[in-house]
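Numbering (this note's numbering), first residue to last: 20 to 84.
Using N, Cα and C, we set each Cβ at its ideal position, and we do this for glycine too.
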């Protein structure tokens with residue numbers, strides 16, 4: 020996610036994350052996760068990663084250990 024957001028000024032909103040991801044060419048699963056994060060400001064990459072790993076798409080795609 021850091022590479023996707025390189026050069027983006029924080030804080031960011033989900034639409035800005037989605038635009039950067041589309042420009043970067045992320046895969047469909049990542050794009051779905053971005054669409055599912057709460058609509059709020061994100062202060063840094065870690066904040067975004069926490070939100071992405073809490074989405075239904077992420078939780079469905081996890082494999083058991």
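Hey, would you say residue 134 sits closer than 8 Å to residue 40, going by beta carbons? No statement about residue 134 is possible, as the shown extent of the chain runs from 20 to 84 and does not include it.
C-alpha gap between residue 23 and residue 37, whole angstroms: 10 Å
So residue 70 and residue 57 are supposed to be a Cβ contact under 8 Å. How far apart are they, rounded? 6 Å
Identity of the residues DSSP links to residue 23 by a beta bridge: BP columns for residue 23 are empty, so no partner.
How long is the line joining the alpha carbons of residue 15 and residue 74, rounded to whole angstroms? No information on residue 15 is available, as it lies outside the stretch 20 to 84 that the chain covers here.
Quick check on residue 64: does DSSP put it in helix, strand or coil? helix
Per DSSP, which one or two residues make a beta bridge with residue 31? 61
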